[in-house]
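Below is one structure; the comments refer to it alone.
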Amino acid sequence: MKQQLTLLLIALCFALFGLLNSGMASTAGDPLRVVVTIPDLADIVKEIGGDRVEVASICKGRENTHAVVAKPSHLVAMSKADLFVEIGLSLETAFVPGLLEGSRNVKIQPGKPGFLNCSEGWQPLEVPTSLSRQAGDVHPHGNPHMNLDPRAGRHIAGRVLIALLALDPTSKDYFEKRNASFITRLAEAEKRWAALGATWKGSQIIEYHQEFSYFAGASGLKIAGAIETKPGIPATPNHLAELIGMMKKAGVKVIVTAIWSNNDTVARIAEATGAKVVELPNMCGGLPGTDTWIGMMDTMHKKMAEALAVAPIAK
Amino acid sequence: MQSKVLFHAAAALGCAAPVLAQGPVFSTPGMPTYETQNPSGSKDSGQADRFTSAFNPAFSFIVDAEFEYLDNSKSPDGAEARLNVLEFMGSSWVDPSAWAYFIGAAEDEALNIEEAAVHYIGFGGHQTLRAGRFFVDFGKQMQTHIHELRTNVRPLALRTYLGDEIKGDGLQWDDWTSLGNSTAVRWSIGAFSSLLPEAEEDFDATTEVAEELASSKKIDDFNYTARLTGFTDAGESGTFQLGASAYIIPSFDFLYEPSSTYSQQSTGLTNIVYGLDATYGWVGDTGEQRWTSGAELLLNTGDNGVGINDPDGNLGTGDDETLQVFDESTLGYVAWSDFQWNRYNSIGLQFSAVELADATQSMESEIEAYLTHKLSEFQRVRLIVSNFESDVNEDAMRAVVQYTVVLGAHGHGVNW
């Protein structure tokens, strides 16, 4: 009996401590606490939110978004956030559901004003017509790498602006002014990217993972094949032999790979076909000069121009 | 007159029955008692839309099969192919404040409910009340299912002191709070009707008495668990976790019953196992390379072993046998380290040693090396080689090829 009373006392102490620590809300006048899944979103939220937001990104620029490990700081940041921003399209399923549930932050749960899915209103590519793992690690809502589409910055900025206005309507003029400034710079950049795309239109490339479909589609590149047999499924010797044969026959001279996938297999194919390997960022911060989303897109276009022997357009 | 009174009473009860009952009188258990929406918008209501699938739980299956070769020091060697476990899981939100799940596991011909529990989160804050049957919160490798372990068996120290699994029927309350921006501290307390290891069906009292301490226990009181753990960012790429756990059986009896005509019992026994665990995880900048190292130290206290004194050597006859309860504290530990060099391949080493609760505090140890190759996100092959040494049991070497497949939706929360 004495032992059980001791346990009850310990339980009550824990309960009291829990109650004391349950209130962690931000106060009026503080910057909005924003947690985003990838650095691209962090950059765009900062562009519009300025000093009225504090932004933390879960992924780092060089990470494979399919293999992110949740850290304590992520959980803490989520628990205190006023706004959570994700790409959506199941890009972040490896870590978002567990963090959202663990954070217990009702403000950022799906359906609440503090939850922003940037893929809403976006027309995704490669939406599977039937769902089966026979097709590999497919995403049910379509290809999730929309952040690599040169048109995505404008779409994401629009979504972020709506979310920030809903959470802090008193900063309407401030957010709209910053958004207008970002869109102006974006429009100039979009002209640069379109001009480059026109010079290489129809050029064929090979990709490692099916993550550059948006970039290729928007900039006039044609993806002739992928090194992975199916999304997330490593290449078999048979598949590689067929791919090398096809590249030689079709004259495909560029292999596009992300940082995480630039491995021995890519090098072997390049050696067998004489193709150039272009390592592209798949998020901001992945390579030098890609700290901003516009900077990342510039870098991607510049690297492609070099690989395809096209003179880059000056800024 | 007496029969008339009875008639009136029966009539009154009959009328009251629909009022007292929890639902309509003529309903089949498990059937919805309201008309469900027809997704097509038709006004028809028939069998086709009686059970809409729109709110079905998410289901998944795990198939875990293995081929094992055992090289014993005394018994004949042997090989075996078997289905280690077929696990199936369903989970769904109950309403905004609770979600529930079940995990069933088929082992050999038996079907066991490993877990069936509700997580109630409606208290606010980070509190969770968990109710039902579930694996208790003890250390890092005790709360996971077989297919999630580093090898195909629970580490020696854990399975010796706590059993292959501890699934408790009861309640657990847990909560967490942050310390600064990069540290989280979590605690839990659980109360369960029984946390004793499961008995083997083929238990033979004449040879396995000491090992099967739990098989004949009677439980009068609740059992308890408690855990306090903190995990923190360790630099840009690392995470460090420290935890302390307790597994408390305040009172149990041990029954020795070698025959239907003879038995002995020790009553008022107590057993508490304390655990300390430390884990460090490092993730490379692309997330493809990972290194994890950890250790768990266990202190098994109280009445943690029972032996049979049998002067004439005829164990099981009950002629001159007496029970001997051991209450010397014993220590055990497990340490592991594994490295994933790309998203498909990893290698690791695990070592575990325990003091046994017997008259001489004998030692046992096990070292396991494992290589895991993922064929994709959803299937993996693992090669395990282990060496087991014991002062009292037979030494053995083991080589296992384990093949595990995940079908359907399968996810895990933050394991801490």
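Top line first, the protein sequences correspond to chains Z and D.
Numbering-wise, my numbering puts 34 at position 34 of the first sequence, and it's gapless, one number per residue.
Numbering-wise, my numbering puts 173 at position 173 of the second sequence, and it's gapless, one number per residue.
Heads up, the beta-carbon is just placed ideally off N, CA and C, and yes, glycines get one too.
Only a predicted model underlies this, so the values are computations on that prediction, with no experimental measurement involved.
- The C-alpha of residue 291(D) lies about 55 Å from the C-alpha of residue 262(D).
- Note that the C-beta distance between residue 247(D) and residue 138(D) is below 8 Å.
- Around the beta carbon of residue 112(Z), a 10 Å sphere encloses fewer than 16 other beta carbons of the protein chains shown; the residue is thus reported as exposed.
- Using a Cβ-Cβ cut-off of 9 Å, residue 373(D) is close to nothing in chain Z; its nearest Cβ partner there is about 10 Å away.
- Ranked by how close their Cα comes to the Cα of residue 69(Z), the residues 46(Z), 99(Z), 176(Z) have 99(Z) in first place.
- Just so you know, the alpha carbons of residue 367(D) and residue 336(D) end up roughly 10 Å apart.
- Secondary structure note for residue 130(D): its beta strand (DSSP E) is the uninterrupted segment 128-135.
- For residue 287(Z), no beta strand (DSSP E) segment is defined, and its DSSP state is neither H nor E.
- Judged by DSSP in its simplified three-state form, residue 260(Z) adopts helix.
- The C-beta distance from residue 265(Z) to residue 247(Z) rounds to 13 Å, too long to fall under 8 Å, and the pair is not in contact.
- Within its own chain, the residues whose Cβ lies closer than 6 Å to the Cβ of residue 351(D), once the five positions on either side in sequence are excluded, are 335, 367, listed in chain order.
- Our two residues, residue 193(D) and residue 120(D), have alpha carbons roughly 20 Å apart in a direct line.
- According to the DSSP assignment, residue 85(Z) belongs to the beta strand (DSSP E) that extends over 83-86.
- Residue pairing from DSSP places residue 72(D) in a beta bridge opposite 396(D).
- Within its own chain, the residues whose Cβ lies closer than 7 Å to the Cβ of residue 284(Z), once the five positions on either side in sequence are excluded, are 39, 40, 43, 61, 290, 291, 292, 293, 296, listed in chain order.
- Under the Cβ criterion of 8 Å, residue 260(Z) is counted among the residues facing chain D.
- Under a criterion of Cβ atoms nearer than 7 Å, the residues of chain Z adjacent to residue 233(D) are, in order, 71, 72, 73.
- Taking each of 103(D), 136(D), 349(D) in turn and checking the Cα distance to residue 174(D), the smallest one comes out for 136(D).
- Assignment of beta strand (DSSP E) within the stretch 152-190 of chain D, counting only whole runs of 3 or more residues, yields 167-179 in chain order.
- In the structure shown, residue 93(D) adopts extended strand secondary structure according to DSSP, grouped into three states.
- With the rule of 3 Cβ pairs closer than 8 Å, the stretch 198-205 of chain Z does not count as touching the stretch 158-170 of chain Z.
- Per DSSP, residue 38(Z) is not a residue of any alpha helix (DSSP H), being assigned neither H nor E.
- If you draw a 10 Å sphere on the C-beta of residue 64(Z), you find 16 or more other C-beta atoms in it, and that means buried.
- Scanning chain D for C-beta atoms nearer than 9 Å to the C-beta of residue 40(Z) yields nothing, as the closest lies near 16 Å away.
- Between residue 52(Z) and residue 82(Z), the C-beta spacing is not below 8 Å.
- The DSSP-derived three-state label of residue 297(Z) is helix.
- 133: these are the residues of the stretch 121-135 of chain Z whose beta carbon lies less than 8 Å from some beta carbon of chain D, given in chain order.
- Below the 9 Å Cβ cutoff, chain Z contributes 63, 67, 68, 69, 71 as neighbours of residue 283(D), in chain order.
- The Cβ atoms of residue 153(Z) and residue 232(Z) do not sit closer than 8 Å to each other.
- Within the stretch 178-199 of chain D, contact with chain Z at the beta-carbon level (separation under 7 Å) is assigned to 178, 181, 182, 183, 184, 187, 189.
- The contact set of residue 288(D) on chain Z, defined by CB atoms closer than 7 Å, consists of 64, 67, 260 in chain order.
- When Cβ-Cβ separations below 8 Å define contact, residue 137(Z) makes contact with chain D.
- Secondary structure at residue 258(D): strand, using DSSP grouped into helix, strand and coil.
- In summary, residue 97(D) is exposed, with fewer than 16 beta-carbon neighbours lying within 10 Å of its beta-carbon over all protein chains present.
- Residue contact check for residue 79(Z) against chain D: a CB pair falls below 8 Å.
- Taking a 10 Å sphere around the C-beta of residue 271(D), we find 16 or more other C-beta atoms and assign the residue as buried.
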